[in-house]
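K.L.:
Questions regarding the structure given below will be posed in turn.
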Amino acid sequence: MPAPPRRRPATRKGRPVLTRGIIAAKALEMAGSQGFPSLTMRALAAELGVTVRALYNYVEDREEVVALAVDLMLTSWNPPPLSPAAWEESVADYAGPLRALYRRWPRALLISLDEDTPPASVHPGRLLNLDRFLRLLRDIGLDLPAALAARRQLSLLVLSFALVVDGPAARAGADRTALVPDAWLTDHADLDIPTLREAAATPLPTPDEQFDELVSAVVDRIRGGLRAG
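Heads up: the sequence shown begins at 4 in our numbering, then just goes up one per residue.
This is the structure:
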């Protein structure tokens with residue numbers, strides 16, 4: 004009988020053997036924290052502890068690295084099943100994984116600003132999940148323009164929330180328990196801003212509570228569309 008094919012070892016001298024999956028994960032990690040402009044072949048090789056030549060044994064060029072990173076990010080977006088019978092919960096269930104995706108790799112979201120990605124590179128999950136959400140809204144009675152408007156509102160809210168609230172809150176020492184950091188007010192003690200000072204003394208809801216408020220606003224908009232319909 005022929006000998007079974009040899010399997011590549013998982014590690015060599017204590018280090019993981021380079022694979023396309025490892026390259027994609029490290030590239031996405033770099034893009035998520037520093038943005039895609041930081042993702043050069045030289046920087047990626049340095050992060051992985053390999054030579055640039057070693058990378059080219061697994062990928063054609065930087066464009067393929069970017070495609071692998073984006074594919075990995077969108078493969079990680081898996082909303083649960085959506086039910087018209089419990090559509091309010093389904094809207095929240097759809098928004099939650101999207102927020103988690105954005106929180107994990109916040110600067111990778113700016114790929115449309117940083118990279119010129121061809122349409123063929125769009126991950127099918129991005130289209131399938133969008134279709135599922137629009138179909139949910141159509142199934143509960145919204146017409147297509149209203150469904151598109153609700154989806155647009157939710158998408159923009161989640162994106163902006165991840166960049167403006169979740170991102171800064173995740174950084175060490177970030178103060179998101181108040182409207183503005185105390186240091187800002189201390190540095191400008193001479194400014195006549197009594198209303199802002201009073202507001203700054205009032206703690207904000209937690210990021211999770213703020214996010215729930217935003218999702219509730221989208222749900223209210225959908226309810227309004229159903230009443231108007």
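A virtual CB, placed ideally from N, CA and C, is assigned to each residue, including glycine.
Can we say the stretch 34-44 touches the stretch 83-100, given the rule of at least three CB pairs closer than 8 Å?
P.N.:
With the cut-off at 8 Å, the stretch 34-44 and the stretch 83-100 do not touch.
K.L.:
Helix or strand or just coil, what does DSSP make of Gly128?
P.N.:
DSSP places Gly128 in helix when its eight states are reduced to three.
K.L.:
By the three-class DSSP mapping on this structure, what secondary structure does Glu216 have?
P.N.:
In this structure, Glu216 counts as helix in the three-state DSSP scheme.
K.L.:
Buried or exposed: where does Asp211 fall if 16 or more other Cβ atoms within 10 Å of its Cβ makes it buried?
P.N.:
Asp211 is exposed by the Cβ-count criterion.
K.L.:
Sorted by chain position, which residues of the same chain lie with C-beta nearer than 7 Å to Arg226's C-beta, five sequence neighbours on each side aside?
P.N.:
Result list for Arg226: empty, nothing under 7 Å.
K.L.:
Which runs of the alpha helix (DSSP H), 4 residues or longer, sit entirely within the stretch 89-160?
P.N.:
Counting whole runs of 4 or more residues, the stretch 89-160 contains the alpha helix (DSSP H) stretches 90-107, 114-117 and 127-142.
K.L.:
With burial defined as no fewer than 16 other Cβ atoms inside 10 Å of the residue's Cβ, what is the status of Leu31: buried or exposed?
P.N.:
It is buried - the Cβ of Leu31 has at least 16 other Cβ atoms within 10 Å.
K.L.:
With contact counted as at least three CB pairs below 8 Å, one residue from each stretch, are the stretch 88-106 and the stretch 53-71 in contact?
P.N.:
Contact fails: fewer than three Cβ-Cβ distances are below 8 Å.
K.L.:
Please classify Glu118: is it buried, with 16 or more other beta-carbons within 10 angstroms of its beta-carbon, or exposed?
P.N.:
So Glu118 counts as buried.
K.L.:
Give me, in chain order, the residues of the same chain whose beta-carbon lies closer than 8 Å to that of Ala27; leave out the 5 immediate sequence neighbours on both sides.
P.N.:
The answer, listed in chain order, is Val68, Leu71, Ala72, Asp74 and Leu75.
K.L.:
Can you tell me the Cα-Cα spacing of Ala89 and Leu145, whole angstroms?
P.N.:
Taking the straight line from one Cα to the other gives about 15 Å.
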